[in-house]
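> Residue numbering for the sequence shown follows my numbering, starting at 120 and increasing by one per position. By construction, the Cβ of each residue, glycine as well, lies at the ideal position given by its N, Cα and C atoms. Since the model is a prediction, treat every value here as computed from it, not as a measurement. Before I ask anything, here is the structure I am working with.
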Amino acid sequence: MPDDYTRRDALRGIGTAATLAVLGGGVASATPAEGRYIVDTDTVSESEMGDVEVVHDLDEEIGYKVVECGESALPSGATYLSDWEIDLERPAVTADSELNAEDDVSDPLADLQWDKQSQDVGKVHDTATGEGARIGVLDDGVLGANPDNDFAHPDLPNVRGDLSSNFTGDGQGPGPLNDDHGTHVAGTAAAAANDTGVVGIAPDAEVVDLRVFSGQGAMTGDIAAAIVYGATPVDAGGAGCDVLNLSLGVPPLVPFEDPST
120 MPDDYTRRDA LRGIGTAATL AVLGGGVASA TPAEGRYIVD TDTVSESEMG
170 DVEVVHDLDE EIGYKVVECG ESALPSGATY LSDWEIDLER PAVTADSELN
220 AEDDVSDPLA DLQWDKQSQD VGKVHDTATG EGARIGVLDD GVLGANPDND
270 FAHPDLPNVR GDLSSNFTGD GQGPGPLNDD HGTHVAGTAA AAANDTGVVG
320 IAPDAEVVDL RVFSGQGAMT GDIAAAIVYG ATPVDAGGAG CDVLNLSLGV
370 PPLVPFEDPS T
């Protein structure tokens, strides 16, 4: 690694790569968000940004700002692109399984978890359970993440509400609004081995809710901000996650044309 390779370079690469990966998936749809842009701060000065509302200031971390304004208010020399709104959509799910639960897993629904059986998770848990690890879930909220209510899931005792955050503009805090996809994803990753429900890949890992969906939509700028926060150490103001899970995506987008050329 070059001597001048900084944490900002690393986060910028992580944020860009992960956001592009989201935009290359195939489980949802996306449309440009009117009046919302992602600006490369290396191409503008702070004084030139006076007429825009900054939604997420990621300048120090990855060199971008997510802003809301009319396109004409953006500095003439700025490199930017439209933020994109992702619509939530799920594939069909079936509970049928042709496999038998042969691993030493006592949770009552373990025999339906074909994925855990094919991975021999019961044997894996003899030596590794995720203890000491922290998983960030970028989704529509995880039950138990909002400290303002008492709702929790018995299979998710290790949700870190103190580190969880809402990156949308709905003002409702972390935790799900009206959906359970994020809770399902968190359970797939880290449901406890506690004789209740199902068991996760890493049942002793902590879960951090990084909510990016408000209702049925999410913005790519919010996703980038959640990635940066999740990957940033706690002592630097982030969540200190070891792993970030993004179970979301959209079809390929139209080619981007640089407006400055």
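With a threshold of 16 other CB atoms inside 10 Å of the CB of Thr246, please say whether the residue is buried or exposed.
Position 127 of the sequence shown, counting from 1, holds the residue named residue 246. The residue is exposed, with fewer than 16 neighbouring Cβ atoms inside 10 Å.
> Considering only residues of the stretch 233-283, which uninterrupted beta strand (DSSP E) runs meet the minimum length of 3 residues and lie entirely inside it, listed in chain order?
Those beta strand (DSSP E) runs which fall completely within the stretch 233-283 and span 3+ residues are 253-258.
> On the three-state DSSP scale, how would you describe Ser333?
Translated into the one-based positions of the sequence shown, residue 333 becomes position 214. Here Ser333 sits in strand by DSSP.
> What does the alpha-carbon distance come out to for the pair Val163 and Asn265?
Position 44 of the sequence shown, counting from 1, holds the residue named residue 163. Position 146 of the sequence shown, counting from 1, holds the residue named residue 265. Going by the C-alpha atoms only, they are around 37 angstroms apart.
> List the DSSP bridge partners of Leu365.
To locate residue 365, count along the sequence shown from 1; it is residue 246. DSSP output for Leu365 lists Leu257 as bridge partner(s).
> Can you tell me which of the three DSSP states Glu354 falls into?
Along the sequence shown, read from residue 1 onward, the residue named residue 354 stands at position 235. It should be pointed out that residue 354 corresponds to Asp in this sequence rather than to Glu. In the structure shown, Asp354 sits in a helix (DSSP, three-state: H, G or I).
> Can you give me the Cβ contacts of Asn277 inside the same chain, cut-off strictly under 8 angstroms, excluding the 5 residues immediately before and after it?
Along the sequence shown, one-based indexing puts residue 277 at 158. Excluding residues within five positions, the ones whose Cβ falls inside 8 angstroms are Ala309, Ala311, Asp323, Ala324, Glu325, Val326.
> Thinking Asp267 and Gly292 are a contact (beta carbons under 8 angstroms), I'd like their distance in whole angstroms, please.
Position 148 of the sequence shown holds residue 267. Position 173 of the sequence shown holds residue 292. Sure, about 6 angstroms apart at Cβ, within 8 angstroms.
> Check Thr302 in the structure and name its three-state DSSP category.
Mapped onto the sequence shown, residue 302 falls at position 183. Helix, per DSSP.
> For Gly359, I'd like the list of residues in its chain whose CB is within less than 7 angstroms of its CB, leaving aside the five on either flank, ordered along the chain.
For this step, residue 359 is matched to residue 240 along the sequence shown. Cβ within range, chain order: Arg253, Pro352, Val353.
> Beta carbon of Glu172, beta carbon of Val186: below 8 angstroms?
On the sequence shown, position 53 is the one that residue 172 refers to. On the sequence shown, position 67 is the one that residue 186 refers to. Yes, these two residues count as a Cβ contact at 8 angstroms.
> If you draw a straight line from the alpha carbon of Gly263 to that of Leu282, how long is it in whole angstroms?
Taking the sequence shown and counting its residues from 1, one reaches residue 263 at position 144. Taking the sequence shown and counting its residues from 1, one reaches residue 282 at position 163. One C-alpha to the other measures close to 12 angstroms.
> Can you tell me the Cα-Cα spacing of Thr339 and Ala152, whole angstroms?
In the sequence shown, residue 339 corresponds to position 220, counting from 1. In the sequence shown, residue 152 corresponds to position 33, counting from 1. Those two C-alpha atoms are separated by around 10 angstroms.
> Near Met120, what residues of its chain come up, given a Cβ to Cβ distance below 8 angstroms and the 5 sequence neighbours on each side ignored?
Reading the sequence shown from its first residue, position 1 is the one you call residue 120. Note that Met120 scores a pLDDT of 47, beneath 50, so its modelled location is shaky and nothing firm can be said.
> With distances taken between CB atoms, is the gap from Glu204 to Gly336 smaller than 8 angstroms?
Position 85 of the sequence shown holds residue 204. Position 217 of the sequence shown holds residue 336. Result yes, Cβ atoms of Glu204 and Gly336 sit closer than 8 angstroms.
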